Amino acid sequence: MLRYLPILIAIAVTLYALIDCARTEQELVRGLPKWAWLLIIIFIGTIGAVAYLYWGRPRNPGPGRGGKRKIIGPDDDPDFLRKL
Numbered sequence: 001m002l003r004y005l006p007i008l009i010a011i012a013v014t015l016y017a018l019i020d021c022a023r024t025e026q027e028l029v030r031g032l033p034k035w036a037w038l039l040i041i042i043f044i045g046t047i048g049a050v051a052y053l054y055w056g057r058p059r060n061p062g063p064g065r066g067g068k069r070k071i072i073g074p075d076d077d078p079d080f081l082r083k084l
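In the UniProt record's numbering, the protein residues as written are 1 to 84.
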């Protein structure tokens, strides 16, 4: 059973990259057009999937880049106090 593990991992990575690329919006895909990444993933397989995940996948915003607000208590929140 252990000898099948690398094959299962390769299939899982390829399927993940294929689904991720297919569901990602065209404007967010980096490097190549979306259709080109899909063809690379389908025809090259695991190597194409890893290439997409490394170079083509959109980057997630890291800390300090996003619009998340600092969580504060209701007694310190001016919007909450205004509604009282």
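Glycine included, every Cβ here is placed at the ideal spot set by N, Cα and C. Keep in mind it's a predicted model, so treat the numbers as computed, not measured.
Exercise. Any idea if L17 is buried or exposed, counting beta-carbon neighbours within 10 angstroms, 16 or more meaning buried?
Worked result: Here residue 17 turns out to be Ala, not Leu, going by the sequence shown. Label assigned to A17: buried.
For this session: Taking all protein chains shown into account, decide if A49 is buried (16 or more other Cβ within 10 angstroms of its Cβ) or exposed.
Result: It is buried - the Cβ of A49 has at least 16 other Cβ atoms within 10 Å.
Exercise. Leaving out five residues before and five after A22 in sequence, what residues of the same chain have Cβ atoms less than 7 Å from its Cβ?
Worked result: Excluding positions up to five away in sequence, the list reads L38.
Exercise. Y52 and I40 look like a contact to me (Cβ under 8 Å); what is the Cβ gap, rounded to whole Å?
Worked result: Indeed they touch by this definition, with Cβ atoms about 7 Å apart.
Exercise. V13 by DSSP, collapsed to three states: which one?
Worked result: Looking at V13 - three-state DSSP - the assignment turns out to be helix.
For this session: Select from L32, I71, I47 and D79 the residue whose C-alpha is nearest the C-alpha of G56.
Result: When L32, I71, I47 and D79 are compared, the shortest CA-CA separation from G56 is found for L32.
Exercise. Distance, Cα to Cα, V13 vs K70?
Worked result: Distance between the alpha carbons of V13 and K70: 36 Å.
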